[in-house]
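These protein sequence lines are chains A and B, in that order. Numbers 1 to 190, taken from our numbering, label the letters of the first sequence in order. Numbers 191 to 380, taken from our numbering, label the letters of the second sequence in order. Since the structure comes first, as structure tokens, the remarks are kept for the end.
There are 2 protein chains.
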Amino acid sequence: MEELKERIRREGRNLGRGILKVDSFINHQVDPVLTMAVGQELALRFQDGSITKVVTAEISGIAPAFTTALALGVPVVYARKSKPITMPEEVYRETAPSHTKLKMVELFISPEVLGPEDRVLVVDDFLASGRTIDALVRLVGRAGAELVGIGAVIEKLFEGGRKRLEELGVPIEAVVTITDMSNGQISFAD
Amino acid sequence: MEELKERIRREGRNLGRGILKVDSFINHQVDPVLTMAVGQELALRFQDGSITKVVTAEISGIAPAFTTALALGVPVVYARKSKPITMPEEVYRETAPSHTKLKMVELFISPEVLGPEDRVLVVDDFLASGRTIDALVRLVGRAGAELVGIGAVIEKLFEGGRKRLEELGVPIEAVVTITDMSNGQISFAD
Numbered sequence: 001m002e003e004l005k006e007r008i009r010r011e012g013r014n015l016g017r018g019i020l021k022v023d024s025f026i027n028h029q030v031d032p033v034l035t036m037a038v039g040q041e042l043a044l045r046f047q048d049g050s051i052t053k054v055v056t057a058e059i060s061g062i063a064p065a066f067t068t069a070l071a072l073g074v075p076v077v078y079a080r081k082s083k084p085i086t087m088p089e090e091v092y093r094e095t096a097p098s099h100t101k102l103k104m105v106e107l108f109i110s111p112e113v114l115g116p117e118d119r120v121l122v123v124d125d126f127l128a129s130g131r132t133i134d135a136l137v138r139l140v141g142r143a144g145a146e147l148v149g150i151g152a153v154i155e156k157l158f159e160g161g162r163k164r165l166e167e168l169g170v171p172i173e174a175v176v177t178i179t180d181m182s183n184g185q186i187s188f189a190d
Numbered sequence: 191m192e193e194l195k196e197r198i199r200r201e202g203r204n205l206g207r208g209i210l211k212v213d214s215f216i217n218h219q220v221d222p223v224l225t226m227a228v229g230q231e232l233a234l235r236f237q238d239g240s241i242t243k244v245v246t247a248e249i250s251g252i253a254p255a256f257t258t259a260l261a262l263g264v265p266v267v268y269a270r271k272s273k274p275i276t277m278p279e280e281v282y283r284e285t286a287p288s289h290t291k292l293k294m295v296e297l298f299i300s301p302e303v304l305g306p307e308d309r310v311l312v313v314d315d316f317l318a319s320g321r322t323i324d325a326l327v328r329l330v331g332r333a334g335a336e337l338v339g340i341g342a343v344i345e346k347l348f349e350g351g352r353k354r355l356e357e358l359g360v361p362i363e364a365v366v367t368i369t370d371m372s373n374g375q376i377s378f379a380d
């Protein structure tokens with residue numbers, strides 16, 4: 001999607017060590033119009049999947065997963081990182097290493113909102129190492145739901161997430177793919 | 191908004207001690223169509239405010255603040271509860287007591303996304319004690335931006351937040367207002 005690439009070129013910052021700063025339009029300030037276009041694009045790529053639910057992780061996955069779900073006409077579920085008092089005792093629970101790799105984060109989904117009848121598209125803002133998405137996929141499995149595909153707004157191909165997730169045997173789609181961030185540059189796949 | 195009231199009547203659960211469980215359509219699973227209608231309703235109530243930015247707090251404020259911002263045609267900023275590595279050193283920072291009242295949570299906004307030129311609508315899913323919204327208002331003040339109004343999806347009138355925030359002198363709008371949750375009931379304002 002040229003619009004998103006252009007925005008990353010203009011406002012994205014390569015902070016080194018693979019860190020892409022996009023918090024003026026994706027994960028602190030959010031551009032609703034761009035995010036709607038991103039959701040429509042992801043929905044288009046999975047429109048034949050008979051998806052019943054989009055699953056993401058709080059926090060920065062929420063906006064793009066919301067617009068994808070809106071375009072698909074299904075609900076979105078965001079896995080919680082802490083268990084709210086409104087959740088039942090028995091929940092699906094998985095862990096994933098956090099960005100900093102210094103600690104593990106927990107992810108919770110209530111059985112009240114995901115079950116064996118669901119066909120799930122997992123969506124997140126970034127596909128990097130793939131570890132958060134992998135934890136979401138395991139949550140989908142625990143619920144007995146079927147994983148239909150994985151969608152990301154921005155893929156950092158060089159971090160190996162696609163390789164990790166490919167063995168799941170479902171389509172993996174990114175709206176834009178970054179192939180290289182060494183030497184301060186931001187190179188796109190096409 | 192009758193649609194939201196009806197949904198709360200049907201799916202909301204009064205768990206006692208003022209706790210309303212709405213995680214099948216607002217804050218765990220989200221209904222995108224209902225949330226779009228909520229955003230349109232809040233935008234309508236503030237359409238004359240020349241708003242330039244909607245500000246909310248992660249996590250469950252994101253979806254309704256996003257749809258409100260979309261309807262107003264402005265960006266949305268969600269205050270972070272932990273400071274990501276992509277944020278600059280100098281940020282606006284405020285604290286608010288968490289739901290459980292057992293600890294304080296920090297809220298961060300980067301000066302890169304909010305400044306003196308902004309006219310701000312603060313939006314959150316719940317207006318209860320008003321303490322989270324009050325912290326967001328203080329962040330808006332620190333940025334030198336002008337607070338134009340406060341919007342909430344669900345107000346729990348009996349928790350006193352409106353009283354706390356009224357002295358700010360800006361319009362406070364809730365899509366639905368709950369007046370009483372004692373004795374297991376859920377009573378609406380009209």
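Idealized CB from N, CA, C, for every residue including glycine.
> What does Leu127(A) touch in chain B if you count any residue whose Cβ is under 7 Å from its own?
Replying inline: Residues of chain B whose Cβ lies closer than 7 Å to the Cβ of Leu127(A) do not exist, since the nearest Cβ in that chain is about 17 Å away.
> Looking at chain B, which residues of the segment 39 to 59 of chain A have a Cβ within less than 7 Å of any of its Cβ atoms?
Replying inline: Contact residues of the segment 39 to 59 of chain A toward chain B are Glu58, Ile59 (C-beta to C-beta distance below 7 Å).
>> For a test of the three-state rule: what should DSSP assign to Ala65(A), helix, strand or coil?
In response: Under the three-state reduction of DSSP output, Ala65(A) falls in the helix class.
> Relative to the alpha-carbon of Val338(B), which residue among Leu355(B), Lys346(B), Phe348(B) has its alpha-carbon at the smallest distance?
Replying inline: Distance check between Val338(B) and each of Leu355(B), Lys346(B), Phe348(B) places Leu355(B) closest, using alpha-carbon atoms only.
> Can you name the residues of chain A whose CB is closer than 7 Å to the CB of Arg270(B)?
Replying inline: Those are His28, listed as they occur along chain A.
> Taking Cβ positions only, does Lys293(B) come closer than 8 Å to chain A?
Replying inline: False, the Cβ-Cβ gap to chain A never drops below 8 Å.
>> Output needed in chain order: residues of the segment 111 to 138 of chain A with a Cβ under 7 Å from some Cβ in chain B.
In response: Taking 7 Å as the Cβ-Cβ cut-off against chain B, the residues of the segment 111 to 138 of chain A that qualify are Glu112, Val113.
> Can you tell which of Gln47(A), Lys83(A), Phe158(A) has the C-alpha that lies nearest to the C-alpha of Thr68(A)?
Replying inline: Comparing Cα-Cα distances from Thr68(A) to each of Gln47(A), Lys83(A), Phe158(A), the minimum goes to Gln47(A).
> The beta strand (DSSP E) spanning Met104(A) covers which residue range?
Replying inline: Note, Met104(A): beta strand (DSSP E), 104 to 109.
>> Does chain A have any CB closer than 8 Å to the CB of Ala342(B)?
In response: At a cut-off of 8 Å, the C-beta of Ala342(B) has no neighbouring C-beta in chain A.
> DSSP on Gly331(B), reduced to helix/strand/coil?
Replying inline: Looking at Gly331(B) - three-state DSSP - the assignment turns out to be helix.
> Taking 8 Å as the CB-CB limit, is Leu4(A) close to chain B?
Replying inline: It does not: the Cβ of Leu4(A) has no partner Cβ on chain B nearer than 8 Å.
>> Is the separation between the beta-carbon of Thr132(A) and that of Ala174(A) shorter than 8 Å?
In response: Taking 8 Å as the Cβ cut-off, Thr132(A) and Ala174(A) do not qualify as a contacting pair.
> Taking Ala227(B) as the reference, which of Val343(B), Asp308(B), Val310(B) has the closest Cα?
Replying inline: Each of Val343(B), Asp308(B), Val310(B) was checked against the Cα of Ala227(B), and the nearest Cα belongs to Val343(B).
> In chain A, which residues lie with their C-beta within 8 Å of the C-beta of Asp213(B)?
Replying inline: Simply Pro84, Thr86, Met87, Ser110, Glu112, Val113.
> Counting along the chain, where does the beta strand (DSSP E) carrying Ala342(B) start and finish?
Replying inline: Here the beta strand (DSSP E) through Ala342(B) covers 336 to 346.
> From the beta carbon of Val140(A), is the nearest beta carbon of chain B less than 8 Å away?
Replying inline: The C-beta of Val140(A) comes no closer than 8 Å to any C-beta of chain B.
>> Check whether chain A comes within 8 Å of Val360(B), counting only Cβ atoms and requiring the distance to be less than that.
In response: Not closer than 8 Å to any Cβ of chain A, the Cβ of Val360(B) fails to qualify, so no.
> Quick one, are the C-beta atoms of Lys243(B) and Val366(B) less than 8 Å apart?
Replying inline: Their beta carbons are not under 8 Å apart, which means Lys243(B) does not touch Val366(B) by this criterion.
>> To the nearest angstrom, how far is the alpha carbon of Pro278(B) from that of Asp23(A)?
In response: Rounded to whole angstroms, Pro278(B) to Asp23(A) spans 11 Å at the Cα level.
> If you count every other CB in all the chains shown that lies within 10 Å of the CB of Asn183(A), and 16 or more means buried, which is it?
Replying inline: Exposed, because fewer than 16 other Cβ atoms sit within 10 Å of the Cβ of Asn183(A).
>> Could you tell me the alpha carbon to alpha carbon distance between Arg332(B) and Tyr282(B), rounded to whole angstroms?
In response: Computed Cα separation, rounded: 6 Å.
> Nearest-angstrom Cα distance between Phe25(A) and Arg10(A)?
Replying inline: CA-CA distance, Phe25(A) to Arg10(A), rounds to 11 Å.
> From Gly202(B) to Pro84(A), what distance separates their C-alpha atoms?
Replying inline: Looking at the two C-alpha atoms, the distance is approximately 15 Å.
> Hey, quick one: how far does the beta strand (DSSP E) through Ile198(B) stretch, first residue to last?
Replying inline: Where Ile198(B) is concerned, there is no enclosing beta strand (DSSP E), although the alpha helix (DSSP H) it sits in stretches over 192 to 201.
> Exposed or buried, Lys103(A), counting other C-beta atoms within 10 Å across all chains shown (16 or more means buried)?
Replying inline: Around the beta carbon of Lys103(A), a 10 Å sphere encloses fewer than 16 other beta carbons of the protein chains shown; the residue is thus reported as exposed.
> For Arg207(B), which option in Glu349(B), Val360(B), Gly359(B) has the closest C-alpha, if you only look at C-alpha atoms?
Replying inline: Cα-wise, what sits closest to Arg207(B) is Glu349(B).
> Mapping DSSP to helix, strand and coil, what is Lys211(B)?
Replying inline: Correct three-state label for Lys211(B): strand.
>> On the CB-based measure, 16 or more other CB atoms within 10 Å of its CB, does Thr225(B) come out buried or exposed?
In response: Result: buried.
>> Using beta carbons (cut-off 8 Å, strictly below), is Ala253(B) in contact with chain A?
In response: At least one chain A Cβ lies under 8 Å of Ala253(B).
> Counting only beta-carbon atoms, is Met36(A) nearer than 8 Å to chain B?
Replying inline: Output row for Met36(A): interface = yes.
>> Measuring straight from C-alpha to C-alpha, what distance separates Thr179(A) and Pro64(A)?
In response: When rounded, the distance between both Cα atoms is 21 Å.
> Which residues does DSSP pair with Asn217(B) in a beta bridge?
Replying inline: Looking at the DSSP output, Asn217(B) bridges to nothing.
> Does DSSP put Ala174(A) in a helix, in a strand, or in coil?
Replying inline: Taken through DSSP and simplified to helix, strand or coil, Ala174(A) comes out as strand.
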